[in-house]
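Shown next, in structure tokens, is the structure this report addresses.
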Amino acid sequence: MGKIKKVLAREVLDSRGNPTIEVEVMTDKAMARAIVPSGASTGSHEALELRDDDKKRFGGKGVLKAVENVNKVLGKAITGLSVFNQEKIDQILIEKDGTDNKSKYGANAILGISMAVCRVASIEKKIGLYKYLNEDANLLPTPMMNILNGGVHADSGLDFQEFMIIPVGAENFKRAIQMGAEIFHTLGGILKEKGLKTTVGDEGGYAPTLNGQEEALDLILKAVEKTGYKMEKDILLATDTASTEFFDKKKKVYKLRINGKKEELKGSEMVEYLLNLTKKYPIISIEDGLAEDDFENWKLLKEKSKGKIQIVGDDLFVTNVERLQKGLDENLANSILIKLNQIGTVSETIEAVDMAELNNWTAVISHRSGETEDTFIADLSVGLSTGQIKTGSLSRTDRIAKYNQLIRIEEELDNKAIYAGFGSFYNLN
Ligand code: PGA
Ligand code: ZN
């Protein structure tokens, strides 16, 4: 029962209209498919996303090589194996590739198979994917909702990439989504009144032209209040500064606009700037406050924030246990962002979450800026009981699909469901 009969890949499109890979895994009784997402502000230490580089198709972004690698090589390597043996299958794929960063066959090719295997196994067992990952899972994650987009995800002129609201005070997940959607729409109204743009960026948040981080945060505070919610009691804030994107490696400075003025901040000044923002605004979580290899200043931010702020490593750790181990050894953060395609298999992703939790760090399951209708990460966040998810704003179906899946999971769990809420940020290390 549950033996893999066939593995089939094809090229489809992601939310930016770029090609990505979809993989189907078939057993005698069941079939499941998975689609792999794609980042824009990618870390340089991520596993390799294989693209064709054939400029005649999709500007070089085609994934036909990755598709062929699944259809001709990787699929055959796991045919006949039981879908219930996720770790063994992932190990075979890793060994077959044989490189450190999955560059031979592509992390996108490998991950598509890995996710589809996991999903088809849950279908074989006739249970939800989240339940297949852990039959006792009942913790619904607190969503970090990116309602203002900047950085490389928008042309808003904002250097910080994401400004997020966290409905910590909601009594359940469904209510958290309602709160987020209400605030999102109020913010749209405020922007319109001010004659600012209400078009959205890659992750569905508004992308108005603003003069800097402070103006963005002030607008969000206004929207929360006008909707009838209270900062700190109902809503906390988070930011993904995605600092690698505006770090000048040669000069070792962070180049960003603050209140309309272009500034160049040394690492220690960047740390001060971030800490000052957390004093002025109820920001509980800062992701990638420093560039991916600026270890010295990560350490400084961690020390100076004194366990009061969640310090999340995204490009810093790239869901890689070796990078995470360095972070643990050197006390660089207290949280890891988890993206399946940064590492390339479900098993390695779970390993990174387990390692974080074992060391009393938090783990935040995350989408990519290039997403699809695939809702795997919604189930993953519940299945691994991470208590936190980052999957975009309250618009664009590529983001909403994950929220809707979580609403279904909460309904299925009925009175067993627990919403993480404030609990996500207790005991920050
Ligand atoms: P990316 O953005 O998918 O473009 O990397 C998301 C993030 O940085 O968290
Ligand atoms: Zn990030």
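Residue numbers (my numbering): 10 to 438.
Where a beta carbon is used, it is the ideal one built from N, C-alpha and C, also for glycine.
These figures come from a predicted structure and were not determined experimentally.
Distance, Cα to Cα, residue i vs residue j?
i, j, result
"G353", "L415", "23 angstroms"
"L443", "P176", "For residue 443 there is no data in the structure shown, the boundaries of the chain being 10 and 438."
"N285", "R19", "48 angstroms"
"D297", "G221", "18 angstroms"
"S433", "L57", "31 angstroms"
"I229", "F385", "29 angstroms"
"K14", "T36", "5 angstroms"
"A247", "N155", "9 angstroms"
"D99", "A365", "21 angstroms"
"G26", "K315", "42 angstroms"
"S224", "G137", "Checking the displayed sequence, the identity of residue 224 turns out to be Glu instead of Ser. Taking the straight line from one Cα to the other gives about 42 angstroms."
"Q351", "V280", "26 angstroms"
"T358", "C127", "13 angstroms"
"Q170", "K425", "36 angstroms"
"R60", "V373", "27 angstroms"
"N94", "F67", "36 angstroms"
"G159", "L437", "27 angstroms"
"D338", "V79", "37 angstroms"
"K271", "D109", "39 angstroms"
"K183", "K85", "42 angstroms"
"E382", "T406", "7 angstroms"
"E273", "L265", "7 angstroms"
"D249", "F172", "7 angstroms"
"I292", "L245", "6 angstroms"
By a C-beta neighbour count over all protein chains shown, 10 Å radius and 16 as the cutoff for buried, is residue i buried or exposed?
i, result
"K258", "exposed"
"G198", "exposed"
"S131", "buried"
"E144", "exposed"
"G401", "buried"
"Q319", "buried"
"G204", "exposed"
"S277", "exposed"
"L367", "exposed"
"M188", "buried"
"G213", "buried"
"R408", "buried"
"N117", "buried"
"N343", "buried"
"S50", "buried"
"G210", "buried"
"T395", "buried"
Give the DSSP bridge partners of residue i, in chain order.
i, result
"S91", "K12"
"V21", "T29"
"Q397", "T151"
"E273", "K264"
"M40", "M35"
"N158", "E171"
"V373", "L346"
"V209", "Y215"
Residue j and residue i - do their beta-carbons sit closer together than 7 angstroms?
i, j, result
"A125", "V32", "yes"
"D106", "K97", "no"
"S390", "L346", "no"
"D388", "Y139", "yes"
"L283", "I295", "yes"
"L226", "Y290", "yes"
"V321", "A361", "no"
"L422", "N147", "yes"
"A232", "I186", "no"
"D164", "F255", "no"
"S123", "E380", "no"
"G48", "R377", "yes"
"Y141", "K134", "yes"
"P150", "Q397", "yes"
"L299", "S356", "no"
"L325", "E305", "no"
"P28", "G71", "yes"
"G89", "K12", "yes"
Run through DSSP, which three-state label would residue i get?
i, result
"T248", "strand"
"Q319", "strand"
"T108", "coil"
"E55", "coil"
"Q170", "coil"
"N306", "helix"
"Y238", "coil"
"D164", "coil"
"E180", "coil"
"F256", "strand"
"I427", "strand"
"G189", "helix"
"I47", "First, the amino acid is wrong: residue 47 is Ser here, not Ile. Looking at S47 - three-state DSSP - the assignment turns out to be strand."
"I98", "helix"
May I ask whether a heavy atom of the ligand NAD can be found less than 6 angstroms away from the beta carbon of residue i?
i, result
"E55", "Looking at this structure, you won't find the ligand NAD anywhere; what it does contain is the ligand PGA and the ligand ZN."
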